[in-house]
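Under my numbering, think of the first position of the sequence shown as 132, with each following residue one higher. Report on the following structure.
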Amino acid sequence: MQKKRFYIEVAVRQFALLLFIVPFLFRCTFDSMRQMEQGNQSAILTAIGLLMAAGIIGVF
Numbered sequence: 132m133q134k135k136r137f138y139i140e141v142a143v144r145q146f147a148l149l150l151f152i153v154p155f156l157f158r159c160t161f162d163s164m165r166q167m168e169q170g171n172q173s174a175i176l177t178a179i180g181l182l183m184a185a186g187i188i189g190v191f
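Set out below in structure tokens:
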């Protein structure tokens, strides 16, 4: 029973992140990236990709 509750809590948290926080961060990131140079954009996209991969691995 505890394991099922844990999975439900994780699913609700991930859904909340995807629904509310990610779109906001997406808009903020692209607004600031319009003002940057090409080299800085590549570095930031790499960092975002690594953070996304770590988040996906962290869920499991």
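Just so you know, even glycine gets a beta-carbon here, dropped at the ideal spot from N, CA and C. This one's a predicted model, so the numbers in the text were calculated from it and none came from an experiment.
Nearest-angstrom Cα separation, counted from residue j out to residue i
i, j, result
"residue 174", "residue 141", "30 Å"
"residue 189", "residue 154", "20 Å"
"residue 139", "residue 156", "25 Å"
"residue 152", "residue 158", "10 Å"
As assigned by DSSP and simplified to three states, the class of residue i
i, result
"residue 158", "helix"
"residue 183", "helix"
"residue 140", "helix"
"residue 145", "helix"
Within 9 Å, strictly: CB atoms of residue i and residue j
i, j, result
"residue 187", "residue 160", "no"
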